[in-house]
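Colleague:
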Amino acid sequence: MATGVWVLPDQLHQGQAALASLPPGRGPVLLLESDASLRERPHRQKLVLFWSAQRHFAAELKAAGHQVELIEAASAAEAVPAWVQRHGLDELRLMEPADRPARRAVEALDLPCRLVWLPDNHFLWSRDDFEGWAQGRRQLRMEFFYREGRRRFDVLLHNGEPLGGRWNFDSENRRPPAKGLQPPQPLLFSPDAITTAVIAKVERLAATTPLPGQAQPFGWAITRTQALAALDQFLHDRLDDFGPWQDVMVTGQPDLWHARLSPYLNLGLLRPDEVLRRLEATASERAVPLASLEGCIRQILGWREFTHGLYHHFGPDYPGRNALEAQQPLPAFLWSLGGSGMACVDTVLGELAASGYNHHIQRLMVLSNLALIAGWNPQATTAWFRAHYVDAHDWVMQTNVLGMGLWADGGRLASKPYAASGAYLKKMSTYCSGCRYDPKQRTGPRACPYTSLYWGFLDRHAERFRNHPRMALMVRQLERLSEADRSGVREACAALEWGPAPDARGPAEPSA
Ligand SMILES: Cc1cc2nc3c(=O)[nH]c(=O)nc-3n(C[C@H](O)[C@H](O)[C@H](O)COP(=O)(O)OP(=O)(O)OC[C@H]3O[C@@H](n4cnc5c(N)ncnc54)[C@H](O)[C@@H]3O)c2cc1C
Ligand code: SF4
465 MATGVWVLPD
475 QLHQGQAALA
485 SLPPGRGPVL
495 LLESDASLRE
505 RPHRQKLVLF
515 WSAQRHFAAE
525 LKAAGHQVEL
535 IEAASAAEAV
545 PAWVQRHGLD
555 ELRLMEPADR
565 PARRAVEALD
575 LPCRLVWLPD
585 NHFLWSRDDF
595 EGWAQGRRQL
605 RMEFFYREGR
615 RRFDVLLHNG
625 EPLGGRWNFD
635 SENRRPPAKG
645 LQPPQPLLFS
655 PDAITTAVIA
665 KVERLAATTP
675 LPGQAQPFGW
685 AITRTQALAA
695 LDQFLHDRLD
705 DFGPWQDVMV
715 TGQPDLWHAR
725 LSPYLNLGLL
735 RPDEVLRRLE
745 ATASERAVPL
755 ASLEGCIRQI
765 LGWREFTHGL
775 YHHFGPDYPG
785 RNALEAQQPL
795 PAFLWSLGGS
805 GMACVDTVLG
815 ELAASGYNHH
825 IQRLMVLSNL
835 ALIAGWNPQA
845 TTAWFRAHYV
855 DAHDWVMQTN
865 VLGMGLWADG
875 GRLASKPYAA
885 SGAYLKKMST
895 YCSGCRYDPK
905 QRTGPRACPY
915 TSLYWGFLDR
925 HAERFRNHPR
935 MALMVRQLER
945 LSEADRSGVR
955 EACAALEWGP
965 APDARGPAEP
975 SA
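Quick note: to get the working numbering, add 464 to the position in the sequence shown (first position is 1).
#1: Would you kindly report the start and end of the unbroken alpha helix (DSSP H) that includes L483?
#2: Apply the 10 Å Cβ neighbour rule to S417 and answer buried if 16 or more other Cβ atoms are within range, or exposed otherwise.
#3: Would you check whether ligand 1 has a heavy atom nearer than 7 angstroms to the C-beta of Y853?
#4: Whole-angstrom Cβ separation of V548 and P576, contact assumed at under 8 angstroms?
#5: Taking all protein chains shown into account, do 16 or more other C-beta atoms lie within 10 angstroms of the C-beta of N841, making it buried, or fewer, making it exposed?
#6: If you draw a straight line from the alpha carbon of Q678 to that of Q862, how long is it in whole angstroms?
#7: Apart from the five residues just before and just after T659, which ones in its own chain have a Cβ nearer than 7 angstroms to its Cβ?
#8: Relative to the alpha-carbon of H857, which residue among L731, I825, R668, K665 has its alpha-carbon at the smallest distance?
#9: Find out if the Cβ-Cβ distance for the pair P640, M829 is shorter than 8 angstroms.
#10: Could you give the distance in angstroms between the alpha-carbon of Y610 and the alpha-carbon of L765?
#11: Relative to ligand 4, is the shortest distance from any of its heavy atoms to the C-beta of W767 smaller than 7 angstroms?
#12: According to DSSP, is S498 part of a helix, a strand, or is it coil?
#13: If you follow the alpha helix (DSSP H) that L513 is part of, which residue opens it and which one closes it?
#14: Going by C-alpha to C-alpha distance, which of L798, T672, C760, P487 sits closest to F698?
#15: Along the beta strand (DSSP E) that carries T673, what are the first and last residues, could you check?
#16: Going along the chain, which residues put their C-beta within less than 5 angstroms of some heavy atom in ligand 2?
#17: Hey, how far is the Cα of V812 from the Cα of E542?
#18: Could you say which of L877, T467, D474 lies nearest to R490 if we only look at CA atoms?
#19: Can you tell which of K510, L502, Y882, G867 has the C-alpha that lies nearest to the C-alpha of N786?
#20: From R557 to W581, what does the alpha carbon distance come to, in whole angstroms?
#21: I'd like to know if the region 712-725 and the region 659-678 are in contact, where contact means that at least 3 CB-CB pairs between them fall below 8 angstroms.
#22: DSSP three-state call for V619: helix, strand or coil?
#23: What separation, rounded to the nearest whole angstrom, lies between the Cα atoms of Q478 and L534?
#24: Alpha carbon to alpha carbon, how far is G952 from G779? Give it in angstroms, no decimals.
#25: Tell me whether S654 is buried or exposed, calling it buried when 16 or more other Cβ atoms sit within 10 Å of its Cβ.
#26: In the structure shown, what three-state DSSP assignment does V752 receive?
#27: Short check: CB of V619 to CB of E536, under 8 angstroms?
#28: Tell me which same chain residues have a C-beta within less than 7 angstroms of the C-beta of P473, skipping the five on either side of it?
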C-alpha cells in the first residue's frame, strides 16, 4: 500500500505523529506553501515566518532521509489531489490540526485516497484527557486545571506539594513600571538566503495584495536550532525578571522580559514539554526567583494548555458567540496600524507593524480592552488579531480574544470582563505621559477615550452586571454618578468618531 504524509504549516517537528508513523524512505512527504493564506491578509512578518520555517523544515526532513516535496501553489485544491495521484497514494496521513477550520479544509478537498488522522501530539494534554478533566465540572477555571497539570506532569513539586508552599505567586508579579527599566534585548537572527528569498516573494505579493506591517527587518527564528537558541537566551538573560515586570508596558520597550516563544511553540519548532523541562533545569543550576519561574511555567503549562483544551471542548459554535451584542465596526486605525491619536494605541500598533508581536498586556489591556469597551464586533476583532500576529492560530485566538479579551462567550473563560479605564493604563504603563489626552478625564476635550468608553461600557451593561459578583462594585460606582454625568459620558463616547476602515473586511476562515 502506498502511503504519504502531509505536514501542515504549524506541525514543523520531526516527532509529529504523522511523520513519526512513516520512517524516512517509506513514502513521500508534502509541505504546501499556499497563496490561499493571503485571503486573511496576514502581517508580512507572519507570512515570512511561516513560509521560511516550512522551507527550512523541508530541508531538514530531506537531510534526515525523507522524500520531501514543498509545493508553492495557489491553493491546496490545485496542488494536493494532483500530488496524491502522481504518487499513486492509497493513504494520506496527517496529524490532526490544532485548528478546526484546517481539518474542514482538508476534508473538503475530496482526495482520491484514504485520509488517516493521527492524534495531535503537540500539546501536553490530549483532547480526550482534557475532556476527562472537564467532565462534570460546573465551572472550568484555569487555576484548578493548572494545579492538576503540575501534578500530572510532575512540575515544580516537592514530595507531591507545590514548591515554595504555594501554587501561585501571581500577587508578587504585578509591579507597576519603575524608573529606568532596562531589559536585555531578545536574540534576533539575520535572514539567510532562504528567508531573503521569502521576504522578496512577500514583498512582490504585497504589491498587488495589501498586506499589513513590514517584512523587514526580520529577526524571528525560523529553524528549531535557532528557536532553541532563543529559548536559551531567554532562560539565561530574561527569566529572572520575567515575573515582576510581567504586567508593565513601557514606551520604547516592546519585549521587556517576555519570552517571545509563542511563535516557535505554535509552529512546532519548540515543544511545550521541553520548554518546561529546561525551565526546571535552569532553576536547578542556579537560583531563579520562584515567582518568575512559577509565573512562566503557569503561562505554558496553565494558560497555553487551557486555551487549547477549551477551544476543542467548547466546539464549533464558540467562534460565533457575541454575549454582549457588540456590533461596532473596527476603526480605520487598526488597518493602518496607527493614526489613532492615542499614545498607548499608536505605540502598540507601531510595534506590531514592525514585528508582528505585542506582549500579553499590550494585547489584553490596550487592544482588546479597547475593543471590549468600544463594543467592536467580536468576530471581526478576532479576525483582525488572527491576521496580525506572528503567533496567531485559530485555537489560541478564539479563546484569548473572544473569551479573555472580549467576554463574548458570556464568561465561560474569564470570570469577569477585562474592562479598564485610562487609570489602569496610567498606573501600569508609561504611555500616558506622552499623550494628548488625560486619563483622569471622562468628558471634555482632553477626555481619555479609555476613560469615557469604560464608563460608557458600564452604563450600557449596568443591568447585566448589577448582580455579578466581580462587577457589582463597578456598577455601584457608576450609579453614584449624576444623571448629567452619565449623559456626558454617553455624549463623549458618541463623539469618538474613528470611522470604520474603508476596506473593512469580515472574518476570513484560516485555510489548510
Ligand atoms: C487578545 C489576545 C490575543 C492573543 N493572541 C495570541 C495569539 O495569537 N497566539 C498566542 O500564542 N497567544 C496569544 N495570546 C496569549 C499571549 O498574549 C501570548 O501567548 C503571549 O503574549 C506571547 O508572547 P511571549 O511568548 O512573549 O509570552 P510570555 O508572556 O513570555 O509567556 C510565555 C508563553 O506562555 C504562553 N502563554 C502565555 N499566555 C498565554 C495565553 N493567554 N494563551 C496561550 N498561551 C499563553 C505562550 O506560549 C508564551 O510563549 C493572546 C492574548 C490576548 C489577550
Ligand atoms: S491618556 Fe488615555 S489614550 Fe492617552 S495613553 Fe493614556 S490611556 Fe492611552
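Ideal placement from N, C-alpha and C gives every residue a C-beta, glycine not left out.
Modeller: Reading it off the structure:
#1: Locating residue 483 in the sequence shown gives position 19, where the first residue counts as 1. Counting along the chain, the alpha helix (DSSP H) containing L483 begins and ends at 481-484.
#2: No information on residue 417 is available, as it lies outside the stretch 465 to 976 that the chain covers here.
#3: Working through the sequence shown from its first residue, we reach residue 853 at position 389. Yes, Cβ of Y853 sits closer than 7 angstroms to a heavy atom of ligand 1.
#4: To locate residue 548, count along the sequence shown from 1; it is residue 84. To locate residue 576, count along the sequence shown from 1; it is residue 112. Rounded, the Cβ-Cβ distance is 6 angstroms, consistent with contact.
#5: In the sequence shown, counting from the first residue as 1, residue 841 sits at position 377. Classification for N841: buried.
#6: The residue labelled residue 678 in the question sits at position 214 within the sequence shown. The residue labelled residue 862 in the question sits at position 398 within the sequence shown. Cα to Cα, the separation comes out at about 25 angstroms.
#7: As a first step, residue 659 is located in the sequence shown; it is residue number 195 there, counting from the start. Closer than 7 angstroms at Cβ, skipping near neighbours: V512, S516, F682, I686.
#8: Sequence index remark: in the sequence shown, residue 857 carries index 393 (1-based). Of the listed residues, the one whose Cα sits closest to H857 is L731.
#9: The residue labelled residue 640 in the question sits at position 176 within the sequence shown. The residue labelled residue 829 in the question sits at position 365 within the sequence shown. No, the Cβ-Cβ distance between P640 and M829 is not below 8 angstroms.
#10: Start at 1 with the first residue of the sequence shown, and residue 610 comes out as number 146. Start at 1 with the first residue of the sequence shown, and residue 765 comes out as number 301. Rounded to the nearest angstrom, the two C-alpha atoms are 7 angstroms apart.
#11: This structure simply doesn't include ligand 4; it includes ligand 1 and ligand 2 instead.
#12: Within the sequence shown, numbered from 1, the residue matching residue 498 stands at position 34. In the structure shown, S498 sits in a strand (DSSP, three-state: E or B).
#13: Indexing the sequence shown from 1 puts residue 513 at position 49. It spans 508-527 - the alpha helix (DSSP H) in which L513 sits, taken as one unbroken run.
#14: In the sequence shown, the residue the question calls residue 698 occupies position 234. Comparing Cα-Cα distances from F698 to each of L798, T672, C760, P487, the minimum goes to C760.
#15: Numbered from 1 along the sequence shown, position 209 holds the residue referred to as residue 673. Premise fails: T673 is in no beta strand (DSSP E) and is neither H nor E.
#16: M806, A807, C808, G886, L889, Y895, C896, C899, Y901, P903, C912, Y914
#17: Taking the first residue of the sequence shown as position 1, residue 812 is located at position 348. Taking the first residue of the sequence shown as position 1, residue 542 is located at position 78. Answer to the nearest angstrom: the Cα atoms are 39 angstroms apart.
#18: Locating residue 490 in the sequence shown gives position 26, where the first residue counts as 1. Ranking L877, T467, D474 by Cα distance to R490 puts T467 first.
#19: Position 322 of the sequence shown holds residue 786. Of the candidates K510, L502, Y882, G867, the one whose C-alpha sits nearest the C-alpha of N786 is G867.
#20: Start at 1 with the first residue of the sequence shown, and residue 557 comes out as number 93. Start at 1 with the first residue of the sequence shown, and residue 581 comes out as number 117. The straight-line gap from Cα to Cα measures roughly 6 angstroms.
#21: no
#22: The count along the sequence shown starts at 1 and reaches residue 619 at position 155. Looking at V619 - three-state DSSP - the assignment turns out to be coil, as it is neither helix nor strand.
#23: As a first step, residue 478 is located in the sequence shown; it is residue number 14 there, counting from the start. As a first step, residue 534 is located in the sequence shown; it is residue number 70 there, counting from the start. Whole-angstrom Cα-Cα distance: 16 angstroms.
#24: Locating residue 779 in the sequence shown gives position 315, where the first residue counts as 1. Locating residue 952 in the sequence shown gives position 488, where the first residue counts as 1. Looking at the two C-alpha atoms, the distance is approximately 42 angstroms.
#25: By 1-based counting over the sequence shown, the position of residue 654 is 190. That one is exposed.
#26: Position 288 of the sequence shown holds residue 752. Coil at V752, not helix or strand.
#27: By one-based count along the sequence shown, residue 619 stands at place 155. By one-based count along the sequence shown, residue 536 stands at place 72. Not closer than 8 angstroms, so no.
#28: Within the sequence shown, numbered from 1, the residue matching residue 473 stands at position 9. The answer, listed in chain order, is F514, Q518.
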